[in-house]
Amino acid sequence: MVLYIAIALIAVAAYVFLFTKRGRINGIREKYVLVTGCDSGFGRLLTEQLDRLGVKVFAACLLQKSVDEIGQKYSHAIPFTMNVTDSEDIRKGVAFVKQKLPENEGLWGVVNNAGVVGCGYAEWLTRKDFMKVLDVNLLGVIDVTVQFLHLIQKAKGRVVNIGSLLGRHHETFAAPYVVSKFGVLGFSDSLRMEMRPFGVSVHNICPGYFQTGLVRSASDIMRHFEATLDKELISRYGKEHMKELIEACDASYSLSNPNISLVTNAMEDALLSSRPKNYYYIGLDFYLGHLTSFLPIEIGDWIFRKIFPFPLAKPSV
């Protein structure tokens, strides 16, 4: 009897969560939000969307050029430079934001969007290669969140972190990126539990493959490997394998989803919905890839390679 009641309650809860309309919070135009990585891609588009709604956006950029562009184009954006890999620069960012916020006002949201791609076989990479990715994608997320957390607590606001399909399922040739995104989701889950007593919620955006600069930059990394790696090391993975990898990376951009607004719409919902989700899974490729993680490892790996065909090494040793 208890089992049937539990199943019925779960079914009702699922129906309410999935099919009832979710409204928006009140007072959107009075909200202040910080978004990192606004130079391009998701961050720039999210800034544009929030600006149209009248949300006041602290748009953190790496380049002064981006600050100038945003300042000229968007009326509600407050752009500034902040390097998420530099703790001192983040401290300066906190001081800048506090100076611009009205008295007794906190931050309604922080969107940790800044990110870089990291690819290559583990044997081809150094500690420095891994740290370059982790510094932005994981440690930058942690540092920005922790330093701005008191302002989020003040508003009982929201933290929105950008995960990935590769934060839920491993992929060959992408160890630094996979490690960083698994770490982000782990940090988010831990932070969600810690912040609940403060009235702060934590949300994860997990897209599949979309046409952004991150996907396009994989080709540049491959050409760098071709020019700098030891030829003997490259040849051990197959005589023509480097050529295959470059072609696959070149093709990956055109095969990715061009509609990046699917991702920024999820970010917007996480910030402004009256009932935001803890996790936003975006793109058919995400669901197809994620389903394989519930299968036995050998079967899941085989299916994942069929869904996302990527040339495998042909060892010469």
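Note that my numbering has the sequence shown beginning at 2, numbered continuously upward.
Backbone N, C-alpha and C fix where the C-beta goes; we use that ideal spot for every residue, glycine too.
For Val-134, the CB contacts under 7 Å within the same chain, skipping 5 residues up- and downstream, are Val-117, Gly-119, Pro-177, Tyr-178 and Ser-181 in chain order. Each of Ser-76, Leu-47 and Asp-286 was checked against the Cα of Phe-309, and the nearest Cα belongs to Asp-286. Here Tyr-75 carries a coil assignment [DSSP, helix/strand/coil]. For Phe-183, the uninterrupted alpha helix (DSSP H) run begins and ends at 176-196, by DSSP.
At a Cβ-Cβ threshold of 8 Å, Asp-40 and Leu-63 count as neighbours. A buried status is given to Phe-59, since no fewer than 16 other beta-carbon atoms sit within 10 Å of its beta-carbon. With respect to Leu-166, Val-98 sits apart: the two C-beta atoms are not nearer than 8 Å. CA-CA distance, Ala-249 to Pro-312, rounds to 7 Å. By the Cβ-count criterion, Ala-96 is exposed, with fewer than 16 other Cβ atoms from all chains shown falling within 10 Å of its own Cβ. Cys-120 sits in coil when the DSSP states are folded into three classes, being neither helix nor strand. Take the alpha-carbon of Ala-271 and the one of Arg-237: they are about 46 Å apart. Runs of the beta strand (DSSP E) lying entirely within the stretch 97-163, each at least 3 residues long, are 110-113 and 159-163 in chain order. Remark: C-beta atoms of Gly-121 and Gly-209 do not approach each other more closely than 8 Å.
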